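Those protein sequences? They're chains A and B, same order as listed. Numbering-wise, the first sequence is residues 9 to 480 according to my numbering. Numbering-wise, the second sequence is residues 658 to 963 according to my numbering. Just below is one structure, and these are the notes that go with it.
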Amino acid sequence: MVQEASRPASRVDLVRALREAAITALIAFGMFLPLIGFNTVQNIHNELVLETRWPLLAALVGIIAVGRFLYALLMAPWLARRAMRPRKQHGEGAVWRARLGRWLIPFTLGFAVVYPPLALSVVGFQGAVKWIDNFGVQILIYVMLGWGLNIVVGLAGLLDLGYVAFYAVGAYSYALLAKTFGLSFWLLLPLAGCLAAFWGILLGFPVLRLRGDYLAIVTLAFGEIIRLVLINWVPVTNGYAGISSIPRPTFFGIPFNASDEGFAARLGLEFSPIYRTIFLYYLILALALVTAAVTLRLRRLPIGRAWEALREDEIACRSLGINTTNTKLTAFAMGAMFAGFAGSFFAARQGFISPESFTFMESAVIVAIVVLGGMGSLLGVAIAAVIMIGGTEIMRELDFLKVVFGNEFDPTQYRMLLFGFAMVLIMVWKPRGLIATREPSALLSDYPVAATAPLGPRSDVAEPPLVRGHGP
Amino acid sequence: MEVFTQQLINGITLGSIYGLIAIGYTMVFGIIGMVNFAHGDVFMVSAFIALVTLLVLTTWFGMGSVVLALLIVLIVAMLLTSLVNWTIERVAYRPLRGSFRLAPLISAIGMSIFLSNFVQVAQGPRVKSIPPLFNDVIVLMSSSDGYDVSVSYKQLMVWAVTAALLVAFWFVVTKTALGRAQRACEQDQKMAALLGIDVDRTVSITFVIAAALAAVAGTMYLVYYGVISFADGFVPGVKAFTAAVLGGIGSLPGAVLGGLLIGLIETMWSAYFSTDYKDVAAFSILAITMIFLPQGILGRPDVEKV
Chain A
9 MVQEASRPAS RVDLVRALRE AAITALIAFG MFLPLIGFNT VQNIHNELVL
59 ETRWPLLAAL VGIIAVGRFL YALLMAPWLA RRAMRPRKQH GEGAVWRARL
109 GRWLIPFTLG FAVVYPPLAL SVVGFQGAVK WIDNFGVQIL IYVMLGWGLN
159 IVVGLAGLLD LGYVAFYAVG AYSYALLAKT FGLSFWLLLP LAGCLAAFWG
209 ILLGFPVLRL RGDYLAIVTL AFGEIIRLVL INWVPVTNGY AGISSIPRPT
259 FFGIPFNASD EGFAARLGLE FSPIYRTIFL YYLILALALV TAAVTLRLRR
309 LPIGRAWEAL REDEIACRSL GINTTNTKLT AFAMGAMFAG FAGSFFAARQ
359 GFISPESFTF MESAVIVAIV VLGGMGSLLG VAIAAVIMIG GTEIMRELDF
409 LKVVFGNEFD PTQYRMLLFG FAMVLIMVWK PRGLIATREP SALLSDYPVA
459 ATAPLGPRSD VAEPPLVRGH GP
Chain B
658 MEVFTQQLIN GITLGSIYGL IAIGYTMVFG IIGMVNFAHG DVFMVSAFIA
708 LVTLLVLTTW FGMGSVVLAL LIVLIVAMLL TSLVNWTIER VAYRPLRGSF
758 RLAPLISAIG MSIFLSNFVQ VAQGPRVKSI PPLFNDVIVL MSSSDGYDVS
808 VSYKQLMVWA VTAALLVAFW FVVTKTALGR AQRACEQDQK MAALLGIDVD
858 RTVSITFVIA AALAAVAGTM YLVYYGVISF ADGFVPGVKA FTAAVLGGIG
908 SLPGAVLGGL LIGLIETMWS AYFSTDYKDV AAFSILAITM IFLPQGILGR
958 PDVEKV
């Protein structure tokens, strides 16, 4: 009976879905015709000529049309039905999710600690360098940058699009000071952090009257100015060519090289570059964890509370007598300091830096990680870094796709394309980020715990319910 | 004096292009309060659409008349870019309307990354150059040491097209029902909706107009410089945004004024100081304006309401 009732409706659905698919196909055809349908190439006379790619255009339009058709036919009614159903309250799902949340953090930490030996035992000495360096160290640098920026964006609510400038300050201070004065990594690491924090205060001071979008654009301008100065101030920074042969970090004075004084020789091991990679891995892991620990502790201090209050409502903050300028400045300086640490680590790990590493794209990637992870959530930021950076790194490994798409197919050039697409997609799907619920930073002891369980029910809409626990 | 006059001519040409892009920023910011970060890349996409159309017309159909070809190129670029921007608004920004403040901005940054990389993948990373069109110049002043002040037909074309489109656009915004709806949505979206204005449609049309003007700028850029690459969206985009802020964001005459000022400052800076730091100059103006004159030259001060 139910089927009979729904049959005429489904025919209407089919017609509508077909119509929507046709319209979408038409729009897609118009959009892709010039840029996909034609390719501009230079012939041997150095003139631009056109080549056509009709099959590719047809395939793309076809895929989009079929996707739209299936969405209209299957997905849309399902979403509509789901919207009709009453939302489950604190049911089994919430309990299960809370349990997952409790175990996820220790598990992730444990995995991060045993990752290098695990990689060594699975792929051996030769293959492990790639896995530890490209995946482990690379992801952890972004986790650290994300956690550092999280203080500025996630806690204080100031969108900083020029964060990479402080990363550059850290990297260049380490590279220049280590090369000119021969100072050690362990001395320069805190110094680079301090210098970056100083620049944070310097740049932060004039812009803190601005709010929201304006602040974002001015920080972007500052980031670009610093990069352009790095490019054009050739006597000091060596311009586009960058700085090479930067001293590598030592194991508290013992270098990682093949000499008799080297790390491997002292421990009686055979020399292998993997020891330095593993050392760097644990170094960046420790630095990232320090960032996380400092963030967690700061949130409990008055300054951390002031940051979060500032994020929620600046006017209320000012009426309560919080010095907003100082509060913003400390957030800026603190975030910049961690970027400085990460920058000096980056310079020491690469051994070579150039302005190319500090483009606006890097800032956008870090901001994307923080926002997509769920602003203010450390776990969310870490997950986002693993997905975004690990995902783009994995694109380098997908050689088997060449079998499918032919030898000219190069997955790496699609990295940033997919990155941008994923940014839009996640924003539309979950505007509040992957982990939308924030753990309350303060609780009244007699407040019912169940109602404020971390990782509680999804709240995609507007503000997550912050606890009313900022008691006297 | 000759150098100054010549730079004035060059600066106004560059400034007209910035002004056309800046209108897109200012209109979108005015109506939905969002910095459309992808607008610079929409401009770049439009230049590529113009490039392909121009090649189709000249190499496939062998069209002899350059003026007619450019007119068709302009129309095709405007139409297709509008379609692109309309789709972007539908897909990436509309679902986020009413979401928290930074969400559309982040989505726009993602869209900007997507667009520039899409063009890089689809058309290749190399700079595309077209053979120069209208190379003739009119010499205005000749000095004894051989420095001629001249205005090229290209520059005259940029001025003429910009002026014509600005007049048409100004007419649409101030005299038509569509323009009234737009200004109503700018002031109060909820009230406009209550009075029977389709807000979604008005916002869509705003994006379409913004894209059409960006397409004019893109075509002019392509003809004027003769080169375009996938990375050419970001810096002109930021400079045009600077122009919009300098003129007072939300103010349409302000956007044009700001564009002309930025164009003049950039060319003068290059002529009298160094070309190395010309982008630093533009970015510094952005920062200085934001800090000391956040409402811009022609904008209204922003009153904060609780």
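We put the beta carbon where it would ideally sit given N, CA and C, even for glycine. Keep in mind that this is a model prediction, so the values were computed, not measured.
Tell me where the alpha helix (DSSP H) around residue i begins and ends.
i: Ser927(B); result: 909-929
i: Ile669(B); result: 659-689
i: Val709(B); result: 696-712
i: Ile374(A); result: 368-381
i: Leu291(A); result: 282-308
i: Met83(A); result: Element bounds for Met83(A): n/a, residue is neither H nor E.
i: Val937(B); result: 935-949
How many angstroms separate the CA atom of residue i from the CA atom of residue j?
i: Lys847(B); j: Ala938(B); result: 40 Å
i: Leu759(B); j: Tyr182(A); result: 34 Å
i: Ala459(A); j: Ala838(B); result: Below a pLDDT of 50, predicted positions are generally treated as unreliable, and Ala459(A), at 46, falls in that range; the measurement from the model is reported next regardless. Taking the straight line from one Cα to the other gives about 45 Å.
i: Val488(A); j: Asn246(A); result: In the structure displayed, chain A extends from 9 to 480; residue 488(A) sits before or after that span and is not available.
i: Gly190(A); j: Glu923(B); result: 41 Å
i: Leu790(B); j: Leu797(B); result: 21 Å
i: Ser267(A); j: Met345(A); result: 35 Å
i: Gly681(B); j: Phe864(B); result: 8 Å
i: Gly853(B); j: Lys438(A); result: 31 Å
i: Phe427(A); j: Gly312(A); result: 32 Å
i: Leu288(A); j: Gly343(A); result: 22 Å
i: Ser624(B); j: Gly132(A); result: Look at the range of chain B in this structure, 658 to 963, and you will see that residue 624(B) is not part of it.
i: Val778(B); j: Val709(B); result: 16 Å
i: Arg754(B); j: Ala176(A); result: 35 Å
i: Pro281(A); j: Leu917(B); result: 57 Å
i: Ile688(B); j: Ser908(B); result: 11 Å
i: Ile234(A); j: Trp743(B); result: 35 Å
i: Gly178(A); j: Tyr934(B); result: 23 Å
i: Ala435(A); j: Arg319(A); result: For clarity, residue 435(A) is Met in the given sequence; the question names Ala instead. Their Cα atoms are separated by approximately 20 Å.
i: Ala707(B); j: Met403(A); result: 32 Å
i: Asp21(A); j: Ala80(A); result: 8 Å
i: Glu843(B); j: Met431(A); result: 28 Å
i: Ala324(A); j: Ala317(A); result: 8 Å
i: Trp315(A); j: Ile443(A); result: 20 Å
i: Tyr750(B); j: Phe694(B); result: 11 Å
i: Leu293(A); j: Gly381(A); result: 19 Å
For residue i, count the other beta carbons within 10 Å of its own beta carbon; 16 or more makes it buried, fewer makes it exposed. Which is it?
i: Leu772(B); result: buried
i: Met701(B); result: buried
i: Thr60(A); result: exposed
i: Pro782(B); result: exposed
i: Arg110(A); result: exposed
i: Ile209(A); result: exposed
i: Ile787(B); result: buried
i: Leu463(A); result: Because Leu463(A) carries a pLDDT of 45, less than 50, the predicted location of this residue cannot be relied on, and the following value inherits that uncertainty. With 16 or more Cβ atoms within 10 Å of its Cβ, Leu463(A) is classed as buried.
i: Val457(A); result: Here Val457(A) scores only 48 on pLDDT, less than 50, and its place in the model is too uncertain to base an answer on.
i: Trp155(A); result: buried
i: His53(A); result: exposed
Return the residue from the list the options that minimises the CA-CA distance to residue i.
i: Ser799(B); options: Gly781(B), Glu659(B), Gly956(B); result: Glu659(B)
i: Leu651(B); options: Ala867(B), Ile948(B), Ser927(B); result: The question about residue 651(B) has no answer, for chain B in this structure spans 658 to 963.
i: Leu740(B); options: Ile225(A), Ser327(A), Leu34(A), Val373(A); result: Leu34(A)
i: Ile766(B); options: Ala273(A), Arg284(A), Leu167(A); result: Leu167(A)
i: Ile72(A); options: Met92(A), Thr32(A), Gln50(A); result: Thr32(A)
i: Leu43(A); options: Val692(B), Ser703(B), Thr683(B), Val685(B); result: Ser703(B)
i: Gly920(B); options: Gly907(B), Ile854(B), Phe940(B); result: Phe940(B)
i: Thr932(B); options: Leu236(A), Leu277(A), Pro214(A); result: Leu236(A)
i: Phe826(B); options: Lys811(B), Leu851(B), Ile862(B), Asp845(B); result: Ile862(B)
i: Pro7(A); options: Asn51(A), Arg305(A), Leu291(A); result: Because chain A here runs from 9 to 480, residue 7(A) falls outside it and cannot be looked at.
i: Asn51(A); options: Leu823(B), Lys785(B), Ser722(B), Met877(B); result: Lys785(B)
i: Ala393(A); options: Leu406(A), Ala372(A), Arg404(A); result: Ala372(A)
i: Met768(B); options: Ile286(A), Leu148(A), Met369(A); result: Met369(A)
i: Met684(B); options: Leu950(B), Val724(B), Gly911(B), Ala850(B); result: Gly911(B)
i: Gly384(A); options: Ala106(A), Leu157(A), Leu87(A); result: Leu157(A)
Provide the residue span of the beta strand (DSSP E) that contains residue i, from first to last.
i: Phe264(A); result: Counting along the chain, Phe264(A) falls outside any beta strand (DSSP E), and DSSP gives it neither H nor E.
i: Glu322(A); result: Glu322(A) -> not in any beta strand (DSSP E); alpha helix (DSSP H) instead, spanning 322-327.
i: Asp805(B); result: 805-809
i: Gln50(A); result: 46-50
Give, in chain order, every unbroken run of the alpha helix (DSSP H) that is at least 4 residues long and sits entirely within the stretch 839-873 of chain B. For the alpha helix (DSSP H) assignment, the uninterrupted runs of no fewer than 4 residues enclosed by the stretch 839-873 of chain B are, from N- to C-terminal side, 846-851.
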